[in-house]
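Protein chains: 2
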Amino acid sequence: MPLLENISWAAEEAQGNESSEHAFFSLDYQHVQVPFEITLWIMLASLAKIGFHLYNKLPSVVPESCLLIFVGLIMGGIIYGLNDKSPPVMDSDIFFLYLLPPIVLDAGYFMPSRPFFENIGTILLYAVVGTIWNVFGIGFSLYGICQVKAFHLQDVSLLHNLLFGSLIAAVDPVAVLAVFEEIHVNEKLHILVFGESLLNDAVTVVLYKLFRSFCEMPTIKSVDVFVGVGKFFVVGLGGVLVGLTFGMTAAFTTRFTKEIRVIEPLFVFLYSYLSYLTAEMFHLSGIMAIIVCAMGMKRYVEANISLKSHTTVKYFMKMWSSVSDTLIFIFLGVSTIGENHEWNWPYICFTVIFCLIWRALGVLVLTFFVNRFHVNTITSKDQFIIAYGGLRGAICFSLVFLLPDFHRKKLFIAATTVVILFTVFVQGMTIRPLVDLLAVKRKRESAPTVGEQIHIRFLDHLLAGIEDISGHWGQYYWKDKLEYFNSKYLQKILLREYDQPKSSIVLLYEKLERKHAIELAEAGQLGSNICLLEWPSHLSQAVLLCHSSPQPFYLPESAWMAQL
Amino acid sequence: MPLLENISWAAEEAQGNESSEHAFFSLDYQHVQVPFEITLWIMLASLAKIGFHLYNKLPSVVPESCLLIFVGLIMGGIIYGLNDKSPPVMDSDIFFLYLLPPIVLDAGYFMPSRPFFENIGTILLYAVVGTIWNVFGIGFSLYGICQVKAFHLQDVSLLHNLLFGSLIAAVDPVAVLAVFEEIHVNEKLHILVFGESLLNDAVTVVLYKLFRSFCEMPTIKSVDVFVGVGKFFVVGLGGVLVGLTFGMTAAFTTRFTKEIRVIEPLFVFLYSYLSYLTAEMFHLSGIMAIIVCAMGMKRYVEANISLKSHTTVKYFMKMWSSVSDTLIFIFLGVSTIGENHEWNWPYICFTVIFCLIWRALGVLVLTFFVNRFHVNTITSKDQFIIAYGGLRGAICFSLVFLLPDFHRKKLFIAATTVVILFTVFVQGMTIRPLVDLLAVKRKRESAPTVGEQIHIRFLDHLLAGIEDISGHWGQYYWKDKLEYFNSKYLQKILLREYDQPKSSIVLLYEKLERKHAIELAEAGQLGSNICLLEWPSHLSQAVLLCHSSPQPFYLPESAWMAQL
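Protein chains in written order, with UniProt numbering: chain A, 1 to 564; chain B, 1 to 564.
Printed below as a string of structure tokens:
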């Protein structure tokens, strides 16, 4: 209902006869501007996605993220051409408050927890030590470049270089996800790069802020450095704690939604978003919070809510993150166009080079140590892909616009833009051929069989027992303890119907059974008939229950035995 | 990632040692305020809903809408008590742009089209003539009350009374839906009240604006009145046209989403919201637009998108409209508290009385004419429920706040609030007992059988034939023509896989088959086995395909025939 119209309508009316044709139609764009433009942007993003897939060959060569940035560049060019001023840059607030959370939530909710926890040590090493290594490496070497007089960069201080290093060093989860979802490398390799990109958030937050505050301080005391180190733990662990609290509350809330199935999916989104916002509010790592929240609540929420609610949660989450992702890349393209840049070739080129070199060195050194302590080592091919997959994206971009104003900010913006475009376009487009060329181990496409599942389960218990006897408290020991704590206490509090739950193998069997029945029904023609065959132990013959007939058929053993 | 923090953090850092404990934690509420508060409101609404259903008896006596308003009143009281100033009223912009569309979309998408089109004439009569009747009836009789000197209301002009009448006369779809979904009256009665509440939007928009502009004019010419009449058609039919355009575009777009199933559900929401906003922008009826859009696209979109996408659409739509609905009633309660009211007992009491009387009279008179032209008449019990079900709600409330400022606005606000609370609480709570008492025909709970469906189909074709022969072009004739146009042209353009579509009975059979298979699988124990029994025409024996065994079992006819 058009309501907040301005007085113009009434004014037109008042003029009477002459303008009465005009009065039939009137336009009030301002009233609907905000939701209208948001909807149009989302629509553009979605239509662009459909467009790419109409030509089947295009997405198999060029990653979608590149195509989207390209669309953004064109859009930005059009806006720039029409208005003759820079198109609006992506608002950092919109990015961090509205676009990033859906993607991280989706990532956390569908995180394969087994490979993640199996490699948590390696991931943390890459995320924490690796990121610090990159920050200081890039910062100090760029400072070295600044000392060359011919480059006219002597006014860029060490602190500014380190600040720039802290924002350019972090691998971006959105960019990594967009590329790695398309190339299907093996699960371990995927989780190493992707896990690193998620967990480096705490390090990036702390270092970025530390250097930013150092830039504004007259002198830096050594105590400030220690505060920075302490703050890293607060930001990271605080985020985990916030996420855990909200995740458990979410699971507990879904215990009581049996009567109103319709709002069940809502709680998954509300609690995880609240965990993110709360963490943000206290300057903790929002990404850590939402990931922990999603991973923590998943198994309990899944058990509590109805199957259809769960389908809604799953599909809506995928849809939302896909839209966010699309918007981010388009905005990235749009924001690139304009007059925000200061070109200094040496600085920009050396930034790209140092980003590549320090990442490669970091992965080599860290993997050397990781491989010494693990039986299942990371091959040199995998190391190459880890180093090469260190894509930068919208987080760097938003961070660089948040820098306090100083005279070289536009140089940093230009360098960041080039690094992002270089990594997304050059590395993103060549990584698939390289994976093919190197014959990197791929993801297995089929789900594990029941037999494999039984063996994995059995081995877990066996290894937990061995670890307990040998006194070595490794991952299997802790996993076993956690599982015990979960079934003894958590499930009783958080699950609605808690009787001794069915073993996961029984559940899997039931699921397969159901799936198969649906497939059979879908394949069947009208003349076919679904039947259930049973061998009750108290009867010597098989019973066939068919839904077209009210009474069961009894089949004598002889009819079967001949064919078995 | 907490980014837009103010400089305070850096400042704290700069102070060094003393404040370094504080620097570990810092709070920046302002940064996350908007999304945080929205999320909290939605959370409150959802938790309130869960709360009601924990006590099973409460929602069966008191409608949920009343409980929610009550929660809102308490919340408003708390805010008023703490701040000592009126709590914020529901923003009309937020209501019309964000809260109303999901509810109307849900209503349109799940509108039972058969009863709706069968009764479209009656619904339009109630919605157009009935609403005009109520507006003028209430307006003129309140003007009469204003002439009584003892009431001190002589400064309220006739135009102001008519303006008030135009906003208080319209039955509210949100309130009607909330109450009628719980009382399960028969389909015809439901669609009459609900259809009226939706379609009266165009009338309300036009009359409200007309009187509002008249209030601001020095003199009113007769031509202005004709413009008003013309405008009604523009607003109503324009809304229909906008909705139809977007609905068909939506259906067409989903033809191309096969490769990216994940964003399919999005288009349903994007296009319908765009239709609403576009209609709003041109001052047409947004409600009509979104309803037509939803009804128009439904059958094509359903055929184009995947089953899981459709589940997502359905459940998300229900969830969203449920949340909007909840928020509206809570805000209604919150906004009631405060100092926006001017109490004038006679005016307020007579408003309530006139609303009741004019609606009852209107229904009686209009139904008298309707019954003269229909075989399937509206019984007097049904008439009573139609009159009694004329609930007012948030639309009136938002409209009254949008009135231009004049000295008696607070009186109108008070009267509107009382009418809404009276209809929602008194009528809403007594309608269920009354439906029981009068033994109003209820909704049938079971779905029609295949036999019934065949008969209905057959009768439709038969009646279309009879109408064609007799030269009387009634609803069956037009329905048949529309169906022909649809299968001949529309489906070819809008559906992805267009070969002669399966008859709806075949689809129903397949659905039943699938459902049954799932039930069988879920009921089956581990020892059981799903099999598919077929009688291929080229074999003399039945074939049993069981998923536990790779090769089929062949059953000789003799094994069956004995038992059939």
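By construction, the Cβ of each residue, glycine as well, lies at the ideal position given by its N, Cα and C atoms.
Exposed or buried, what is residue i when buried is set at 16 or more other beta-carbons lying within 10 Å of its beta-carbon?
i, result
"D172/A", "buried"
"A250/A", "buried"
"R359/A", "buried"
"I386/A", "buried"
"W478/B", "exposed"
"P101/B", "buried"
"I78/B", "exposed"
"R408/B", "buried"
"G51/B", "exposed"
"P433/A", "exposed"
"D382/A", "buried"
"N376/A", "exposed"
"L99/B", "buried"
"N83/B", "exposed"
"R457/B", "exposed"
"T430/B", "exposed"
Per DSSP, what are the beta-bridge partners of residue i in this structure?
i, result
"P185/B", "In the sequence under discussion, the amino acid at residue 185/B is Val, which differs from the Pro named in the question. Partner(s): R442/B."
If I'm right that residue i touches residue j with Cβ under 8 Å, what's the distance once you round it to whole angstroms?
i, j, result
"I395/B", "A170/B", "6 Å"
"M281/A", "V34/B", "M281/A to V34/B, Cβ: 12 Å. No contact."
"I138/A", "L332/A", "21 Å between Cβ atoms; not a contact."
"P265/A", "F316/A", "7 Å"
"I183/A", "P112/A", "Incorrect: roughly 16 Å between the Cβ atoms, too far for contact."
"F350/A", "L159/A", "Actually they do not touch by this definition, with Cβ atoms about 18 Å apart."
"residue 575/A", "R255/A", "This structure cannot speak to residue 575/A, because chain A is shown only from 1 to 564."
"V71/B", "I330/B", "6 Å"
In this structure, how does DSSP classify residue i when only helix, strand and coil are distinguished?
i, result
"Q491/A", "helix"
"E342/B", "coil"
"L459/B", "helix"
"W320/B", "helix"
"G428/B", "helix"
"L199/A", "helix"
"N134/B", "helix"
"E513/A", "helix"
"A169/A", "coil"
"T219/B", "coil"
"F282/A", "coil"
"D93/B", "helix"
"E64/B", "helix"
"T416/B", "helix"
"L356/A", "helix"
"P102/A", "helix"
"V313/A", "helix"
"E259/A", "coil"
"P35/A", "helix"
"L332/A", "helix"
"H53/A", "helix"
"I305/B", "coil"
"V225/B", "helix"
Hey, would you say residue i sits closer than 9 Å to residue j, going by beta carbons?
i, j, result
"T326/A", "S92/A", "no"
"Y276/B", "L105/B", "yes"
"I291/B", "G238/B", "no"
"L198/A", "V128/A", "no"
"R261/B", "S309/B", "yes"
"I103/B", "S272/B", "no"
"I132/B", "L207/B", "yes"
"V424/A", "V179/A", "yes"
"L274/A", "T39/B", "yes"
"T311/A", "T416/B", "no"
Taking Cβ positions only, does residue i come closer than 9 Å to chain D?
i, result
"V128/A", "Considering every chain present, this structure includes no chain D. Its protein chains are A and B."
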